[in-house]
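S.K.:
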Amino acid sequence: MVEVAFFVGAIGALGGAIAVIGLRNPFYSVLALVVHLVSLAGLFLLLHAEFVAVAQIVVYAGAVMVLYVFVAAYVGNVDEPLWEPIPGQRVIAPLLGLALFIELSIAVLGTALTSLESEGPTIAAGFGSPAAIGQLLLEDFLIAFEAASLLLLLAAVGAVVLAARRPDLDDQGSRQEAEA
Amino acid sequence: MDITWYLVLSALLFAIGAVGVLVRRSPLVILLCLEMMLNSANLAFLSFARSLGDQDGQIMALIVMVVAACEVVVGLGLIVAMYRRRLPLDVDEVRGLRG
Numbered sequence: 498m499v500e501v502a503f504f505v506g507a508i509g510a511l512g513g514a515i516a517v518i519g520l521r522n523p524f525y526s527v528l529a530l531v532v533h534l535v536s537l538a539g540l541f542l543l544l545h546a547e548f549v550a551v552a553q554i555v556v557y558a559g560a561v562m563v564l565y566v567f568v569a570a571y572v573g574n575v576d577e578p579l580w581e582p583i584p585g586q587r588v589i590a591p592l593l594g595l596a597l598f599i600e601l602s603i604a605v606l607g608t609a610l611t612s613l614e615s616e617g618p619t620i621a622a623g624f625g626s627p628a629a630i631g632q633l634l635l636e637d638f639l640i641a642f643e644a645a646s647l648l649l650l651l652a653a654v655g656a657v658v659l660a661a662r663r664p665d666l667d668d669q670g671s672r673q674e675a676e677a
Numbered sequence: 016m017d018i019t020w021y022l023v024l025s026a027l028l029f030a031i032g033a034v035g036v037l038v039r040r041s042p043l044v045i046l047l048c049l050e051m052m053l054n055s056a057n058l059a060f061l062s063f064a065r066s067l068g069d070q071d072g073q074i075m076a077l078i079v080m081v082v083a084a085c086e087v088v089v090g091l092g093l094i095v096a097m098y099r100r101r102l103p104l105d106v107d108e109v110r111g112l113r114g
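Taken in order, these protein sequences are the chains called A and B. Quick note, the first sequence lines up with residues 498 to 677 if you use my numbering. Quick note, the second sequence lines up with residues 16 to 114 if you use my numbering.
Right under this line is the structure:
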């Protein structure tokens, strides 16, 4: 049963990932990433990370992807030119990706960690529950938690500054459009 | 289900994300591929947390999600700013840092 769930999640995650880089329309890529993220949330559940799985669906597949959909709809369909500015880029890049995969696999499979060849130790009932995660965040990892909140605030301010309308910098075309 | 399966899957997803960053030229899709790479790292964190029976890895995954959300917000802000200035949405065209 666990095996079936794992392979369903893995196929969903891999299919979504390949669709993201394979589809030409950015809007479809965003939708493929939603499939990828929801499948990954299923895998997180299999790893007994309940809170992270729910946060993944609510924050990622929910909020962040809605932001992506809005921006994809705002900038419209971008046509990527078919010609290659860098010769052989589409051949060398997958080779590099393959090399990266082999290297990471060697690093993972070559570890002397025997615990990786089992399902992991038996864990307490509350492993990964919101209560346990909340207690860890507010006790052991309070500084990381506060730094994360500060980072989110900075990112929000930065995004407002970046995306704000600045008539002195916007070019003639957009100005005429605004007047019309 | 051995933890090794999860780790190999996360390596594969990371490699696919890296290929996407290298091959695609639309900044929006490059951001999506960066998300994929961060998520594969999250999968590795959670696998190790499970294999060690320790929840610290899950905290790390949550922090990675926060950083990813910040990266998305700033990246999408940049894309919107590029679109407003009528710059081409192609990372090969926009290579100078002139304002």
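Even glycine gets a Cβ: it sits at the ideal position worked out from N, Cα and C.
Among 99/B, 45/B and 63/B, whose alpha-carbon lies nearest the alpha-carbon of residue 35/B?
M.R.: Taking the first residue of the second sequence as 1, we reach residue 35/B at position 20. Comparing Cα positions, the closest option is 45/B.
S.K.: Where does the unbroken alpha helix (DSSP H) through residue 94/B begin, and where does it stop?
M.R.: As a working mapping, residue 94/B is identified with position 79 in the second sequence. Per DSSP, residue 94/B belongs to the alpha helix (DSSP H) from 71-99.
S.K.: State the DSSP-derived secondary structure class of residue 29/B, mapped to helix, strand or coil.
M.R.: Within the second sequence, residue 29/B is the residue found at index 14, counting from 1. Note: residue 29/B maps to helix in three-state DSSP.
S.K.: Does DSSP put residue 626/A in a helix, a strand or coil?
M.R.: In the first sequence, residue 626/A corresponds to position 129, counting from 1. Coil.
S.K.: Does the CB of residue 609/A have a neighbour CB from chain B at under 9 Å?
M.R.: Locating residue 609/A in the first sequence gives position 112, counting from the first residue. No, no contact with chain B.
S.K.: Give the range of the alpha helix (DSSP H) segment to which residue 598/A is assigned.
M.R.: In the first sequence, counting from the first residue as 1, residue 598/A sits at position 101. Unbroken alpha helix (DSSP H) run through residue 598/A: 586-606.
S.K.: Buried or exposed, going by whether 16 or more other CB atoms sit within 10 Å of the CB of residue 523/A?
M.R.: Translated into the one-based positions of the first sequence, residue 523/A becomes position 26. When all chains shown are included, residue 523/A counts as buried.
S.K.: Just the C-alpha distance for residue 621/A and residue 58/B, rounded to the nearest angstrom, thanks.
M.R.: Reading the first sequence from its first residue, position 124 is the one you call residue 621/A. Reading the second sequence from its first residue, position 43 is the one you call residue 58/B. If I take the Cα positions, the gap works out to 21 Å.
S.K.: Taking Cβ-Cβ distances below 9 Å as the criterion, which residues of the stretch 75-87 of chain B are in contact with chain A?
M.R.: 75, 76, 77, 78, 80, 81, 82, 83, 84, 85, 86 and 87
S.K.: Along the chain, where does the alpha helix (DSSP H) containing residue 50/B start, and where does it finish?
M.R.: Here residue 50/B refers to the residue found at position 35 of the second sequence. 42-67 is the span of the alpha helix (DSSP H), which, as asked, contains residue 50/B.
S.K.: Using a Cβ-Cβ distance under 9 Å, would residue 500/A count as near chain B?
M.R.: Reading the first sequence from its first residue, position 3 is the one you call residue 500/A. Answer yes: the Cβ-Cβ gap between residue 500/A and chain B drops below 9 Å somewhere.
S.K.: Please classify residue 628/A: is it buried, with 16 or more other beta-carbons within 10 angstroms of its beta-carbon, or exposed?
M.R.: On the first sequence, position 131 is the one that residue 628/A refers to. With fewer than 16 Cβ atoms within 10 Å of its Cβ, residue 628/A is classed as exposed.
S.K.: Taking 8 Å as the threshold, find out whether the stretch 559-574 of chain A comes into contact with the stretch 637-655 of chain A through three or more Cβ pairs.
M.R.: Flag = no, the stretch 559-574 of chain A and the stretch 637-655 of chain A do not touch.
S.K.: The alpha helix (DSSP H) spanning residue 533/A covers which residue range?
M.R.: Position 36 of the first sequence, counting from 1, holds the residue named residue 533/A. Where residue 533/A is concerned, the enclosing alpha helix (DSSP H) stretches over 523-543.
S.K.: Return yes when the Cβ of residue 26/B is within less than 9 Å of the Cβ of residue 504/A, no when it is not.
M.R.: For the purposes of this step, residue 504/A is taken as the residue at position 7 of the first sequence. For the purposes of this step, residue 26/B is taken as the residue at position 11 of the second sequence. No, they are not a contact pair.
S.K.: What do you get for residue 18/B, buried or exposed, if any count of 16 or more other CB atoms within 10 angstroms of its CB means buried?
M.R.: Here residue 18/B refers to the residue found at position 3 of the second sequence. So residue 18/B ends up on the buried side.
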